[in-house]
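Participant:
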Amino acid sequence: MNLGAFSLSLSVKDIAASQAFYEKLGFTVMGGEREQGWLILKSPTCVLGLFQGMFEKNMLTFNPGWDSNAQPLEQFMDVREIQKVLKSAGITLDSEADENATGPASFMLTDPDGNPVLVDQHR
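Numbering (the working numbering), first residue to last: 1039 to 1161.
(1) Assign Gln1090 to buried or exposed, taking buried as 16 or more other Cβ atoms, counted over all protein chains shown, within 10 Å of its Cβ.
(2) Indicate whether Val1117 and Ala1139 have their beta-carbon atoms separated by less than 7 Å.
(3) Kindly list the residues whose CB is nearer than 7 Å to the CB of Glu1119, restricted to its own chain and excluding five residues on each side of it in sequence; keep chain order.
(4) What is the residue span of the beta strand (DSSP E) that Ser1045 lies within?
(5) How many angstroms separate the CA atom of Pro1142 from the CA atom of Ser1081?
(6) Would you tell me roughly how many angstroms separate the C-alpha atoms of Ala1108 and Val1050, rounded to the nearest one?
(7) For Leu1098 versus Asp1105, is the C-beta distance shorter than 7 Å?
(8) Kindly indicate which three-state DSSP category Glu1061 falls into: helix, strand or coil?
(9) Pick from Ser1126, Ser1045 and Gly1152: whose alpha carbon is nearest that of Thr1083?
(10) Can you give me the start and stop residues for the alpha helix (DSSP H) that Ser1126 sits inside?
(11) Please state whether DSSP places Ser1081 in a helix, a strand or coil.
(12) Return the chain-ordered list of same chain residues with a C-beta closer than 7 Å to the C-beta of Phe1065, the five sequence neighbours on each side being excluded.
Now the structure itself:
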């Protein structure tokens, strides 16, 4: 199963300070609106989301339908199909996508150590 493009979503206290810090590590802004409290940064091998005031904890994020440059993939497993596979494997979800809908949707789960995992499809 392919969960899609991976990124780490960081809950930050000061988005400008975090942006400046990660830019010094070689990251560049690839999306987002700092005024709205969110930015997506990329290095050659990693994607980071910076979110101020949106999430309580840092979170692992997967985006079905996108590659690591946020470009659409021709073929991908829909978030609702991924959800069905995980539920049939006995994984408890914290929130679920509407299985009767199409297009953008998401669901959340928590790993055994309490880390939130978001599977967020934008297409």
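Note that the Cβ used here is the ideal one computed from N, Cα and C, for glycine as well.
Facilitator: Checking against the coordinates, here is how it stands:
(1) buried
(2) no
(3) none
(4) Ala1043 to Val1050
(5) 26 Å
(6) 22 Å
(7) no
(8) helix
(9) Ser1045
(10) Val1117 to Ser1126
(11) coil
(12) Leu1079, Lys1080, Ser1081 and Leu1086
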